[in-house]
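Numbering (the numbering used here), first residue to last: 7 to 130.
Glycine is no exception: its CB is placed at the ideal position from the N, C-alpha and C atoms.
What follows is the structure, given as structure tokens:
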């Protein structure tokens, strides 16, 4: 939630995929970086979650071509706007999550919620 910025968040479980199926969704430089990484699948998911976070922030996740989102180390560029990238630490192994925000100097606070506990304590 933000009172003065636009944001987008995505979380993905890093399950095996055929990376070639996503070749058209990445720029040449992103693709090069994925395949030169020690763990290409994890690097792919980092790029993918950043792109999905930007699409959510832009409000058109189903209409945007992921290749139109250009990712640099701390910022993504899309639709003539900069989105500032912040990795979110997830305590579960095998998940990748990113937040993108329109404000270059946000004050970010995270709150950990145990969803299993929350849902199991609700009475019907």
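Specify the secondary structure class of residue i as computed by DSSP and reduced to three states.
{"i": "residue 52", "result": "helix"}
{"i": "residue 71", "result": "coil"}
{"i": "residue 39", "result": "helix"}
{"i": "residue 59", "result": "helix"}
{"i": "residue 111", "result": "coil"}
{"i": "residue 46", "result": "helix"}
{"i": "residue 10", "result": "coil"}
{"i": "residue 34", "result": "helix"}
{"i": "residue 27", "result": "helix"}
{"i": "residue 64", "result": "helix"}
At a cut-off of 7 Å, is residue i close to the ligand MG when judged by its beta-carbon and the heavy atoms of the ligand?
{"i": "residue 71", "result": "This structure lacks the ligand MG; in fact it carries no ligand of any kind."}
Would you grab the beta carbon distance between residue i and residue j for me? Rounded to a whole angstrom, and I think it's under 8 Å.
{"i": "residue 55", "j": "residue 104", "result": "5 Å"}
{"i": "residue 109", "j": "residue 10", "result": "7 Å"}
{"i": "residue 29", "j": "residue 39", "result": "The pair is not a contact, with the Cβ atoms about 13 Å apart (cut-off 8 Å)."}
Which two residues bound the contiguous beta strand (DSSP E) that contains residue i?
{"i": "residue 88", "result": "87–93"}
{"i": "residue 14", "result": "13–19"}
{"i": "residue 81", "result": "81–84"}
Going by the CB atoms, is the gap between residue j and residue i shorter than 8 Å?
{"i": "residue 14", "j": "residue 87", "result": "no"}
{"i": "residue 20", "j": "residue 51", "result": "yes"}
{"i": "residue 91", "j": "residue 102", "result": "no"}
{"i": "residue 60", "j": "residue 89", "result": "yes"}
{"i": "residue 45", "j": "residue 96", "result": "no"}
Which residues share a DSSP beta bridge with residue i?
{"i": "residue 105", "result": "15 and 92"}
{"i": "residue 77", "result": "82"}
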